[in-house]
Amino acid sequence: MMKVDLHVHTSYSDGDAIDKILCYARKRRLDAIAITDHDTTEAVAKAENNKHHILIIPGIELETELGHILVLGARQPPPPTKAHNYHQLLDWAAEENAVTVLAHPVATPTTLTHLKEIASHKPAAVETHNALYPAYPLATWLSSKIAAKLRAPRTGGSDSHTAETVGLTYTLINADKTVEEILEAIRKGLTTPQGRPAPITQRIKAATFLAKPPNKAGRQ
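The sequence shown lines up with residues 2 to 221 when you count with the working numbering.
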C-alpha cells in the first residue's frame, strides 16, 4: 500500500522549495508525491531521483471553465488551445494516457454549477479530500457525494502551497512503487483518501482565491 500526496505545488508556481517539500514528504512517511504546479511541469525533472527516495508523479493543475483539473502523468503542459477548455483537456489527457482528477469540487463555484455537464464527460477521479477545504468535514462529505454521483474513484491531496502542509491529506493506493502502477490503480479505484486539514488561516486564504471568477489565461 502506497501513501501518496496527489496534489502538491512547488516554487515553480505558487508553492515552496522542492527540497523543503521532499523533507516534509519523508517526515510524513509518504512514498510518493504528485507535483501539480499551475500551468507548468518544470519542477518535475528537478525533483526526480531525489536523495529522499520519494517517487515523483509528474502532473499539472489547470483551470478550465468547469473547474480545476489535475492531470497526473503529464510531463509536458497541453497545447495552449486545449489547456483551459475542460473537454479538450480531458481528451488530450486521454491521448497522453494521463489521469484526470477533478480538484476540490466543493470549493470551486464553476464546478458546482456545471456538474451535469461534467457528468457527461467524466474525469478519471474526484479529489474528495483536500487539506485546504475551509469546512473540511462538510466539504469532504459533499465531495464524496459528487464522486459517488459521477461514479468516480476518490483521491486526497494536501494542495500544499507551503511545505509544512505536505502529506496532511493523502491517498492510500494499492499499487507498486511506480508511476504507471499508481496511475492504473487510481483508474481502477484502488484508492482510499485520508488525512486532516491545514491550519485555518491557510484554508481561508485558499477559499478566497478559489471564489474568484475563472481566468482563461490560468492562475499563477
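Even glycine gets a Cβ: it sits at the ideal position worked out from N, Cα and C.
How would you label residue i, buried or exposed, when you count the other beta carbons within 10 angstroms and need 16 or more for buried?
| i | result |
| --- | --- |
| GLN221 | Residue placement at GLN221 is flagged as unreliable, the pLDDT there being 30, under the threshold of 50; a coordinate-derived value is accordingly withheld. |
| HIS85 | buried |
| GLU64 | buried |
| ASN50 | exposed |
| LYS217 | Residue placement at LYS217 cannot be trusted, given a pLDDT of 46 that sits under 50; what the coordinates show is reported in the next sentence. LYS217 should be labelled exposed. |
| SER159 | buried |
| THR202 | exposed |
| ASP6 | buried |
| ALA48 | buried |
| ASP32 | buried |
Between the options, which has its C-alpha nearest residue i's C-alpha?
| i | options | result |
| --- | --- | --- |
| GLU97 | THR109, PRO80 and ALA108 | PRO80 |
| ASP186 | LYS21, LEU73, THR11 and VAL9 | Per the sequence shown, residue 186 should be read as Ala rather than Asp. It is LEU73. |
| ILE22 | HIS162, ILE201 and LYS206 | HIS162 |
| THR37 | PRO78, LEU191, ARG29 and SER121 | PRO78 |
| THR166 | LYS4, HIS8 and VAL102 | HIS8 |
| LYS189 | THR11, ILE55, ASP15 and ALA125 | ALA125 |
| LEU151 | VAL180, THR170 and VAL102 | VAL102 |
| LEU191 | ALA153, LYS206 and PRO200 | ALA153 |
Ignore the nearest five residues each way along the sequence and tell me which others in residue i's own chain have a CB closer than 7 Å to its CB.
| i | result |
| --- | --- |
| ARG204 | LEU133, TYR134, PRO135 and PRO198 |
| LEU67 | TYR87, THR111, THR112, HIS115, GLU118 and ILE119 |
| GLU182 | ALA176 |
Cutting at 6 Å between CB atoms, please list the residues of its own chain near residue i, excluding the five before and the five after it.
| i | result |
| --- | --- |
| GLU43 | TYR13 |
| TYR137 | PRO198 |
| PRO194 | THR129, HIS130, ARG155, THR156, GLY157 and THR172 |
| SER144 | PRO106, VAL107 and THR129 |
| ALA140 | VAL107 and TYR134 |
| HIS53 | LEU23 and ARG27 |
| ASP17 | THR163 and ALA164 |
Is residue i near the ligand GTP, with its Cβ less than 7 Å from a heavy atom?
| i | result |
| --- | --- |
| MET2 | As far as ligands go, the structure on display features none, and thus does not contain the ligand GTP. |
Return the bridge partner residues of residue i from the DSSP annotation.
| i | result |
| --- | --- |
| MET3 | ILE174 |
| LEU73 | GLY60 and VAL100 |
With a threshold of 8 Å on Cβ separation, who are the neighbours of residue i within its own chain once the five nearest residues in sequence on each side are excluded?
| i | result |
| --- | --- |
| GLY219 | Confidence is the limiting factor: at GLY219 the pLDDT is only 42, short of 50, which leaves the residue's position unreliable, though a coordinate-based value still follows. Correct list, in chain order: HIS39, ASP40, LEU63, GLU64, ALA84 and HIS85. |
| ALA75 | THR42, PRO59, GLY60, ILE61, ALA94, GLU97 and ALA99 |
Inset, instruction - Please specify which runs of the beta strand (DSSP E), each continuous and at least 3 residues long, are wholly inside the stretch 163 to 197, giving them in chain order. - result: Along the stretch 163 to 197, the beta strand (DSSP E) occurs as fully enclosed runs of 3 or more residues at 170 to 174 and 192 to 196, listed in sequence order.
Inset, instruction - Within the stretch 107 to 131, note down every full beta strand (DSSP E) run reaching 3 residues or more, in order along the chain. - result: Here the runs fully enclosed are 126 to 131.
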